[in-house]
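These notes concern the structure reproduced below.
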Amino acid sequence: MTATTGRPASAAVPASGDEPGHGPGHGSGRGSGLGAGRGPAHRPGRWAAPPRPVWEEEPSRAGLAGKGLVLALACLGILFPLWIVLVTSLSSRKTIDQAGGLVMVPKGITFVAYRELLGGGQVTRAAVISVLITLVGTLFSMAVSVLCAYGLSRTGSLGHRWILMTLLATMFFSAGLIPTYLLVQSLGLTDTYLALILPSAISVFNILVLRGFFMGISPELIDSARIDGAGDLRILWQIVMPLSRAVLAVITLFYAVGYWSAWFNASLYLNDQDMMPLQNVMIQLVQKQEAPVGLGQAIKTGELSGLAVQMAVMVLALLPVAVLSPFVQKHFRKGMLTGAVKG
Amino acid sequence: MSHSTVPRSGTEADTTATTPVASDGATGARRARPPGEPSLRHRLRRDRVLLLMTLPAVVLVLLFNYIPILGNVVAFQDYDPYVSDNGIVSMLHSPWVGLENFQRIFEDSAFWGAVRNTLVLFVLQLVLYFPVPIALALLINSVVRPRVRAISQAVLYLPHFFSWVLVIAVFQQLFGGAGLLSQLLRQHGYDGLDVMTDPATFKFLVTAQSVWKDAGWGIIVFLAALASVSPDLYEAAAMDGAGRWRRMWHVTLPALRPVIALLLVLRVGDALTVGFEQILLQRDAVGPGAAEVLDTFVWWNGVRNQDFGYAAAAGLVKGVVSLGLVLAANKVAHLMGEQGVYRK
Chain A
0 MTATTGRPAS AAVPASGDEP GHGPGHGSGR GSGLGAGRGP AHRPGRWAAP PRPVWEEEPS
60 RAGLAGKGLV LALACLGILF PLWIVLVTSL SSRKTIDQAG GLVMVPKGIT FVAYRELLGG
120 GQVTRAAVIS VLITLVGTLF SMAVSVLCAY GLSRTGSLGH RWILMTLLAT MFFSAGLIPT
180 YLLVQSLGLT DTYLALILPS AISVFNILVL RGFFMGISPE LIDSARIDGA GDLRILWQIV
240 MPLSRAVLAV ITLFYAVGYW SAWFNASLYL NDQDMMPLQN VMIQLVQKQE APVGLGQAIK
300 TGELSGLAVQ MAVMVLALLP VAVLSPFVQK HFRKGMLTGA VKG
Chain B
0 MSHSTVPRSG TEADTTATTP VASDGATGAR RARPPGEPSL RHRLRRDRVL LLMTLPAVVL
60 VLLFNYIPIL GNVVAFQDYD PYVSDNGIVS MLHSPWVGLE NFQRIFEDSA FWGAVRNTLV
120 LFVLQLVLYF PVPIALALLI NSVVRPRVRA ISQAVLYLPH FFSWVLVIAV FQQLFGGAGL
180 LSQLLRQHGY DGLDVMTDPA TFKFLVTAQS VWKDAGWGII VFLAALASVS PDLYEAAAMD
240 GAGRWRRMWH VTLPALRPVI ALLLVLRVGD ALTVGFEQIL LQRDAVGPGA AEVLDTFVWW
300 NGVRNQDFGY AAAAGLVKGV VSLGLVLAAN KVAHLMGEQG VYRK
């Protein structure tokens with residue numbers, strides 16, 4: 000029944016459990032009888048390695064050190080730049096001048112850059128716009144995607160194959176930038192926020208992931224609900240969605256990050272500078288090194304460091320993402336792997 | 000647990016349309032069609048709620064993915080955007096020029112420059128980017144401590160969720176003319192260095208940015224493949240005397256092969272798309288000579304120069320070649336006995 004038609008990555012890999020077994024369970028009885036008299040004598044720390052299976056060699060010291068070093072360097076390569084950005088954004092003009100630019104070691108923290116940026120004006124407005132677009136857009140995308148995924152989750156329903164093929168085919172071609180631009184313009188969406196939401200509202204891949212997950216929900220559960228008289232909307236809302244929290248969280252994050260990070264459509268379809276979302280303002284302030292509207296004077300006269308302002312804008316842009324994504328992290332794999340397309 | 004309890008109240012407050020179940024008796028009919036197939040009318044009535052649910056998505060896809068295909072006719076026109084405010088009206092009033100736009104493209108050295116840049120970037124990314132997630136996944140997979148794994152994964156995934164604007168801003172602060180690297184060099188008596196505007200190294204810069212942003216995220220697929228390898232295989236190999244490295248070569252890598260093949264196929268199929276937003280953001284700083292790729296070529300000629308017919312023609316060439324590449328890459332995958340993006 001599972002004629003696997005299509006989508007990548009996922010199809011090849013079974014959605015098996017979590018971390019690979021370096022022999023979980025092997026030797027789990029360890030320590031049970033030994034130190035019985037002395038209470039919880041030797042509980043392995045949170046950082047300790049689980050016991051290895053007997054057939055595996057003990058790792059060499061050099062090997063362990065080498066692995067640790069590479070991993071630490073990789074993580075440092077990501078965190079160090081972010082650290083500098085954060086610290087500089089919190090530094091006073093004096094500290095920044097002393098350091099000759101970017102600050103690596105924090106010396107007296109000041110929120111002056113954030114206070115200036117968020118006290119009204121260009122950046123405040125852009126941040127509010129970005130938040131609103133992200134909220135509205137994500138809600139819309141999720142509603143459309145979840146409905147569609149559920150509508151396609153029952154193999155053998157009328158038109159199911161055709162609709163699926165229609166969606167799948169879009170993964171193989173794109174109509175092109177110019178025709179899409181002309182269409183959006185003809186629809187009269189230019190200079191409206193709809194142009195930032197509608198053209199990129201759904202991702203077929205996300206729909207397939209949701210659908211794959213919905214199809215994995217026990218059919219008996221759904222059938223019994225139906226026998227009890229629940230309609231499809233109600234089944235979706237009260238049974239399917241509560242059982243799919245993990246995948247819903249992942250897809251919501253994907254959509255939200257998409258809206259939060261988008262800048263191209265705004266640069267294409269919006270002409271009014273006052274309508275621009277945060278990313279587009281960041282291009283002006285950081286990449287093109289322009290002073291934020293209204294703060295130019297403060298920067299010139301020395302109360303405020305232009306560099307700290309740039310960094311603060313960057314922190315504003317990365318903060319929501321950096322705060323939210325770790326919460327969803329443990330579900331990522333589940334979200335990525337249920338995308339196999341069935342019948 | 001409590002959420003999964005089936006609502007038992009008989010009243011249908013929130014839905015109106017679905018009652019046909021009662022007539023079905025059991026809903027097994029909905030999953031696999033029995034030989035005595037219900038009539039079309041019956042199925043329409045039975046599935047109309049499902050169909051209605053897919054409607055918004057289908058409308059959006061038709062509107063923004065299928066209908067614009069028709070707009071490619073401007074590639075065969077001398078499209079004049081100023082005829083009317085409405086693109087479709089302009090389209091109807093613009094003169095047809097046959098293949099003239101395509102002829103111009105193939106004689107345009109800027110186009111061939113963009114083709115060259117695109118291909119060079121594709122090869123660079125294939126060689127320098129593609130192996131990184133595989134290596135990182137093998138590394139993380141060999142780490143046993145659950146905490147170390149969780150934390151390093153959290154850190155490595157993070158940049159994937161940053162916008163390109165942010166990633167490039169970060170690189171600018173590190174390697175730009177006023178960035179950290181220049182700052183340190185100057186403090187030690189050397190000349191500053193501006194990597195961000197150097198056309199000679201731009202393609203490596205772009206690849207480095209891709210690695211920084213997405214290589215960590217790329218781990219996820221490989222980790223999943225590694226997790227599905229049965230520990231018994233390792234144990235059996237160890238019993239037969241295979242050491243650490245031989246186990247990796249004979250057990251781990253074969254387990255990754257299908258995934259690697261699949262991702263290669265996808266990458267080759269997408270060869271002409273090498274990071275539109277990322278490159279567009281840096282095009283002005285570096286100059287089109289080094290930074291123009293096919294996608295930015297279309298953007299520049301269409302959006303900036305308002306030469307829509309010309310840009311659409313270039314986009315169409317790219318689209319058609321890309322479609323051919325996807326299909327060809329799949330064919331090759333199938334011939335090699337791998338699964339590809341779709342199955343035959």
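Keeping their order, the protein sequence lines are chains A and B. Under numbering that gives the first Met the number 0, the first residue of the first sequence is numbered 0, with each subsequent residue one higher. Under numbering that gives the first Met the number 0, the first residue of the second sequence is numbered 0, with each subsequent residue one higher. Even glycine gets a Cβ: it sits at the ideal position worked out from N, Cα and C.
Per DSSP, the bridge partner or partners of residue i
i, result
"glutamine 152(B)", "DSSP lists no partner for glutamine 152(B)."
"tryptophan 95(B)", "Gln76(B)"
Closest residue to residue i among the options (Cα-Cα distance)
i, options, result
"proline 132(B)", "Val264(B), Pro55(B), Val210(B), Trp244(B)", "Val210(B)"
"valine 86(A)", "Asp222(A), Gly107(A), Ala73(A), Leu68(A)", "Gly107(A)"
"histidine 187(B)", "Gly62(A), Val183(A), Gly99(A)", "Gly99(A)"
"glycine 308(B)", "Met52(B), Tyr65(B), Val73(B)", "Val73(B)"
"valine 96(B)", "Val325(B), Leu324(B), Ala312(B)", "Ala312(B)"
"leucine 43(B)", "Ile226(A), Ser59(A), Leu70(A), Ser156(A)", "Ser156(A)"
"alanine 321(A)", "Val292(B), Leu165(B), Arg246(B)", "Leu165(B)"
"glutamine 302(A)", "Glu57(A), Arg60(A), Arg92(A)", "Correcting the residue type first, residue 302(A) is glutamate in the shown sequence and not glutamine. Of the candidates Glu57(A), Arg60(A), Arg92(A), the one whose C-alpha sits nearest the C-alpha of glutamate 302(A) is Arg92(A)."
"cysteine 147(A)", "Val208(A), Ala47(A), Pro218(A), Asp96(A)", "Val208(A)"
"leucine 293(B)", "Leu155(B), Asp46(B), Arg115(B)", "Arg115(B)"
"aspartate 107(B)", "Leu334(B), Val302(B), Phe296(B), Val331(B)", "Phe296(B)"
"glutamate 289(A)", "Ser202(A), Gln184(A), Gln121(A), Leu318(A)", "Gln121(A)"
"glycine 318(B)", "Arg282(B), Gly336(B), Gly268(B), Val264(B)", "Gly268(B)"
"threonine 133(A)", "Tyr268(A), Pro276(A), Ala47(A)", "Pro276(A)"
"asparagine 205(A)", "Leu252(A), Leu193(A), Val111(A)", "Leu252(A)"
"phenylalanine 79(A)", "Met103(A), Asp96(A), Ser90(A), Gly62(A)", "Met103(A)"
"lysine 287(A)", "Ile150(B), Gln281(B), Pro287(B)", "Gln281(B)"
"glycine 323(B)", "Val302(B), Val264(B), Gln305(B), Gly175(B)", "Val264(B)"
"valine 260(B)", "Arg144(B), Val316(B), Ala328(B)", "Per the sequence shown, residue 260(B) should be read as alanine rather than valine. Here the closest residue by C-alpha is Ala328(B)."
"valine 119(B)", "Val320(B), Glu291(B), Ser321(B)", "Glu291(B)"
"leucine 306(A)", "Thr94(A), Val130(A), Tyr149(A), Met274(A)", "Thr94(A)"
Proximal chain D residues relative to residue i, where beta-carbon distance stays under 8 Å
i, result
"arginine 42(B)", "Although the question refers to chain D, the structure presented lacks it and instead comprises the protein chains A and B."
Short of 9 Å Cβ to Cβ, which residues in the segment 172-183 of chain A face chain B? Taking 9 Å as the cut-off between beta carbons, the residues of the segment 172-183 of chain A near chain B are Phe172, Ser173, Ala174, Gly175, Leu176, Ile177, Pro178, Thr179, Tyr180, Leu181, Leu182, Val183, in sequence order.
Below 8 Å, how does it come out for the segment 236-244 of chain A and the segment 209-216 of chain A: are there three or more Cβ pairs, yes or no?
The segment 236-244 of chain A vs the segment 209-216 of chain A: in contact.
**Asked** Going along the chain, which residues of the segment 303-327 of chain B sit with their C-beta nearer than 7 Å to a C-beta in chain A?
**Response** Correct list: Phe307, Ala310, Ala311, Gly314, Leu315, Gly318, Leu322, Val325.
Which residues, in order along the segment 57-72 of chain B, keep a beta-carbon less than 7 Å from a beta-carbon of chain A?
Answer set for the segment 57-72 of chain B: Val57, Leu59, Val60, Phe63, Asn64, Ile66, Pro67, Ile68, Gly70, Asn71.
Q. Taking any Cβ of chain A, which residues in the segment 146-165 of chain B have a Cβ under 9 Å from it, in chain order?
A. The residues in question are Arg146, Val147, Arg148, Ala149, Ile150, Ser151, Gln152, Ala153, Val154, Leu155, Tyr156, Leu157, Pro158, His159, Phe160, Phe161, Ser162, Trp163, Val164, Leu165.
* **Members of the segment 180-211 of chain A that neighbour chain B once the beta carbon cut-off is set at 9 Å** => Those would be Tyr180, Leu181, Leu182, Val183, Gln184, Ser185, Leu186, Gly187, Leu197, Pro198, Ser199, Ala200, Ile201, Val203, Ile206, in chain order.
For the segment 84-114 of chain A, which residues have a beta carbon sitting closer than 7 Å to at least one beta carbon of chain B? Cβ contacts with chain B: Val84, Gly99, Gly100, Leu101.
Contained beta strand (DSSP E) runs [length at least 3] in the segment 44-101 of chain A, N- to C-terminal order = Considered as a whole, the segment 44-101 of chain A harbours no complete run of any beta strand (DSSP E) with no fewer than 3 residues.
*For the segment 179-210 of chain B, which residues have a CB atom closer than 7 Å to at least one CB atom of chain A, in sequence order?*
Taking 7 Å as the cut-off between beta carbons, the residues of the segment 179-210 of chain B near chain A are Leu179, Gln182, Gln186, in sequence order.
Using a Cβ-Cβ cutoff of 9 Å, what residues of the segment 76-96 of chain B are near chain A? List them in chain order. Per Cβ criterion, the list reads Tyr78, Pro80, Asp84, Asn85, Gly86, Ile87, Val88, Ser89, Met90.
request  = Check distances from the C-beta atoms of the segment 247-272 of chain B to those of chain A and list, in chain order, the residues that come in under 8 Å.
outcome  = Cβ contacts with chain A: Pro257, Val258, Leu261, Leu262, Leu265.
Every unbroken alpha helix (DSSP H) within the segment 149-205 of chain A, with a cutoff of 4 residues, ordered by chain = As far as the segment 149-205 of chain A is concerned, its whole alpha helix (DSSP H) runs of at least 4 residues are 159-168, 176-185, 193-196.
Count the C-beta pairs between the segment 153-171 of chain B and the segment 252-268 of chain A that are closer than 8 Å, then say yes if the count reaches three, no if not. Touching, yes, given that three or more Cβ pairs across the two stretches are closer than 8 Å.
Going along the segment 307-327 of chain A in order, which residues come within less than 9 Å of chain B, judged by CB to CB distance? Among the residues of the segment 307-327 of chain A, those with a Cβ less than 9 Å away from any Cβ of chain B are Gln309, Met310, Val312, Met313, Ala316, Leu317, Val320, Ala321, Leu323, Ser324, Pro325, in the order of the chain.
Flag this pair as touching only if the segment 112-120 of chain A and the segment 195-214 of chain B have three or more C-beta atom pairs under 8 Å; answer yes or no.
The answer is no - the segment 195-214 of chain B does not touch the segment 112-120 of chain A, with fewer than three Cβ pairs under 8 Å.
- Query: Got a sec: which bits of the segment 275-294 of chain A sit with their beta carbon under 7 Å from any beta carbon on chain B, in order along the chain?
  - Reply: Answer set for the segment 275-294 of chain A: Gln278, Met281, Ile282, Val285, Gln286.
| query | Which ranges does the alpha helix (DSSP H) cover as unbroken runs of at least 4 residues, wholly within the segment 161-206 of chain B, from first to last along the chain? | reply | Taken in chain order, the whole alpha helix (DSSP H) runs of length 4 or more contained in the segment 161-206 of chain B are 163-174, 179-186.
Flag this pair as touching only if the segment 201-209 of chain B and the segment 269-287 of chain B have three or more C-beta atom pairs under 8 Å; answer yes or no. Under the three-pair Cβ rule at 8 Å, the segment 201-209 of chain B counts as touching the segment 269-287 of chain B.
Of the residues that make up the segment 68-85 of chain A, which ones have a beta carbon closer than 8 Å to any beta carbon in chain B?
Going along the segment 68-85 of chain A in chain order, one finds Val69, Leu70, Ala73, Cys74, Gly76, Ile77, Leu78, Pro80, Leu81, Ile83, Val84 with a Cβ nearer than 8 Å to chain B.
Near-chain A residues of the segment 45-56 of chain B (beta-carbon distance less than 9 Å), N- to C-terminal order: Those residues of the segment 45-56 of chain B that come within reach of chain A (Cβ to Cβ, closer than 9 Å) are Arg45, Asp46, Arg47, Val48, Leu49, Leu50, Leu51, Met52, Thr53, Leu54, Pro55, Ala56.
Requested in this report: Below 7 Å between beta carbons is the criterion; list the residues of the segment 228-256 of chain A that meet it against any residue of chain B, in chain order.
Outcome: Within the segment 228-256 of chain A, the residues whose Cβ lies closer than 7 Å to some Cβ of chain B are Gly228, Ala229, Gly230, Asp231, Leu232, Arg233, Gln237, Ile238, Pro241, Leu242, Val256, listed in chain order.
TODO: Assess, as a yes-or-no matter, whether the segment 51-69 of chain B is touched by the segment 165-176 of chain A under the definition of 3 or more beta carbon pairs within less than 8 Å.
DONE: Flag = yes, the segment 165-176 of chain A and the segment 51-69 of chain B touch.
(request) Scan the segment 125-148 of chain B for residues whose Cβ lies nearer than 8 Å to a Cβ of chain A and list them as they occur along the chain. (result) Listed in sequence order: Leu135, Leu138, Ile139, Asn140, Ser141, Val142, Val143, Arg144, Pro145, Arg146, Val147, Arg148.
Discussion item. Does the structure place the segment 142-151 of chain B close enough to the segment 70-77 of chain A that three or more beta carbon pairs sit under 8 Å?
Written reply: Touching, per the Cβ criterion.
Check your understanding: Of all the alpha helix (DSSP H) runs that stay within the bounds of the segment 204-264 of chain B, which reach a length of 4 or more residues?
Key -> List check, alpha helix (DSSP H) in window: 230-238, 243-246.
Stretch pair the segment 98-112 of chain B + the segment 83-90 of chain B: three plus CB contacts closer than 8 Å: The way I'd put it, the segment 98-112 of chain B doesn't touch the segment 83-90 of chain B; fewer than three beta-carbon pairs between them come closer than 8 Å.
Taking only runs that begin and end inside the segment 204-247 of chain A, name each unbroken alpha helix (DSSP H) of 4 or more residues, in chain order. Positions of the alpha helix (DSSP H) runs, each at least 4 residues long and wholly inside the segment 204-247 of chain A, are given as 218-226, 231-234 in order along the chain.
Given a limit of 8 Å on CB to CB distance, which residues of the segment 47-60 of chain A reach chain B? From the segment 47-60 of chain A, only Ala47, Ala48, Pro49, Arg51, Pro52, Trp54, Glu55, Glu56 have a Cβ closer than 8 Å to chain B.
**Item:** Complete runs of the alpha helix (DSSP H) confined to the segment 247-318 of chain A [at least 4 residues]
**Value:** Listed in chain order, the alpha helix (DSSP H) runs fully inside the segment 247-318 of chain A are 263-268, 277-281, 295-299, counting runs of at least 4 residues.
Quick check: the segment 45-61 of chain A against the segment 221-237 of chain B, are there 3 or more CB pairs under 8 Å? Taking 8 Å as the limit for Cβ pairs, the verdict is that the segment 221-237 of chain B does touch the segment 45-61 of chain A.
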